[in-house]
Structure formats: C-alpha cells, structure tokens
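One structure is given here, and the rest of the page talks about it.
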Amino acid sequence: MAGPVFDPYAVLQVVPTAEQEVVHGAFRALALKYHPDRDPSRRAAEKMGDFNRAYAFLRDETARAAHDRNRRATIAGILVAATARASSAPSAKTAAGSVLAFGRYTGWSLPDLARQDPDYLLWLSRHSSGIRYRTEIYGILRTMGVSAA
527 MAGPVFDPYA VLQVVPTAEQ EVVHGAFRAL ALKYHPDRDP SRRAAEKMGD FNRAYAFLRD
587 ETARAAHDRN RRATIAGILV AATARASSAP SAKTAAGSVL AFGRYTGWSL PDLARQDPDY
647 LLWLSRHSSG IRYRTEIYGI LRTMGVSAA
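Sequential numbering of the sequence shown, starting at 527, is according to the numbering used here.
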C-alpha cells in the first residue's frame, strides 16, 4: 500500500491557484516559525524538510505546471468514477424502502445501503439529514442487531 501522496500546496498551506509571491511568502513565514534555530525539536526539523521540498517543487514553474496538470487529471478521474458509482446504484425495486435523494448514495434504498455501507446508515440515523428516515433506519439497524444509541 502506498503512503500518502505529497501535496506541496497542503504543506505550504496555500491554494493551488496561489501566485508565486504568495507561495514564497507562505514558505518564508513557515520557515521562520519552524526553523531549527528557533525550534530545536525534531518535529520542527521534519517540518522544515517538508517545507523546503514543497517550496523547491513549487518555485520551479515547469514542475509546478506538470503537477497541476496531473492533479487536475486525477480530480477528473475521481469525478468520473464517482459518477459511474452513482449511476450504478441499485434501483429502488431491488429492496423495498425509502430511496435517498441526497449525498453520495443518491438513488440507493435504505436496505441496499445497509448491505453496502452500514456505518453510513448508522451515521445517517444520528445526522439531521436522516430525520425523515429515522424510524425506518432504526428498524433496519434493529434487524441487523446494531444499536443506534
């Protein structure tokens, strides 16, 4: 399993559309705060290494442009996959029950949702957006042997 992807924008706490001056200013501010001369902790040294790596990456216009293209392609791929998942939702005829009209499981019936993602159903039973389904959710959870409390 691969580790988390290095995101230089997140490291420097700037948005991807930030201008070069903003990236530079963020790096300087964070470097001032976490520089080993000011903060001798090991964590500060690790953070400073991350800041240096992120800034070196973002100040190179070619590398930054390539990273941005790759990032946009990845986001587009995620959106396509999410759309495909939503369109492959089970129909309401598969299992009797209310059908969700919101969220990542739009078009899913509650019994189908209970089989696919019982944790989401439990969360929905506690969240304000699930109020209108609460009685039905409690019944489904009870048949699964799960307490909503």
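All residues carry an ideal CB built from backbone N, CA and C; glycine is no exception.
Given the structure is predicted, the values throughout are model-derived calculations rather than measurements.
Could you give the DSSP three-state label for residue i: helix, strand or coil?
{"i": "residue 672", "result": "coil"}
{"i": "residue 567", "result": "coil"}
{"i": "residue 537", "result": "helix"}
{"i": "residue 531", "result": "coil"}
Could you say which of the options lies nearest to residue i if we only look at CA atoms?
{"i": "residue 577", "options": "642, 549, 545", "result": "549"}
{"i": "residue 582", "options": "552, 637, 628", "result": "552"}
{"i": "residue 654", "options": "641, 629, 637", "result": "629"}
{"i": "residue 573", "options": "539, 636, 597", "result": "539"}
{"i": "residue 658", "options": "667, 632, 626", "result": "626"}
{"i": "residue 638", "options": "600, 666, 649", "result": "666"}
{"i": "residue 641", "options": "533, 663, 564", "result": "663"}
Considering residue i, what are the terminal residues of the alpha helix (DSSP H) in which it resides?
{"i": "residue 642", "result": "636 to 642"}
{"i": "residue 544", "result": "No alpha helix (DSSP H) holds residue 544; DSSP gives it neither H nor E."}
Is any heavy atom in the ligand SAM found nearer than 7 Å to the beta carbon of residue i?
{"i": "residue 622", "result": "As presented, the structure is devoid of all ligands, the ligand SAM included, so that no description of it is given."}
Within 10 angstroms of the Cβ of residue i, are there 16 or more other Cβ atoms? Answer buried if so, exposed if not.
{"i": "residue 634", "result": "buried"}
{"i": "residue 591", "result": "exposed"}
{"i": "residue 647", "result": "buried"}
{"i": "residue 531", "result": "exposed"}
{"i": "residue 558", "result": "exposed"}
{"i": "residue 562", "result": "exposed"}
{"i": "residue 636", "result": "buried"}
{"i": "residue 673", "result": "exposed"}
{"i": "residue 669", "result": "exposed"}
{"i": "residue 623", "result": "buried"}
{"i": "residue 580", "result": "buried"}
{"i": "residue 528", "result": "Residue confidence for residue 528 is low, a pLDDT of 49 falling below 50, so the modelled location carries little weight and cannot support an answer."}
{"i": "residue 494", "result": "In the structure as shown, the chain starts at 527 and stops at 675, and residue 494 therefore has no counterpart that could be examined."}
{"i": "residue 575", "result": "exposed"}
Touch test, the segment 536 to 546 against the segment 559 to 568, Cβ-Cβ under 8 Å, three pairs minimum
no
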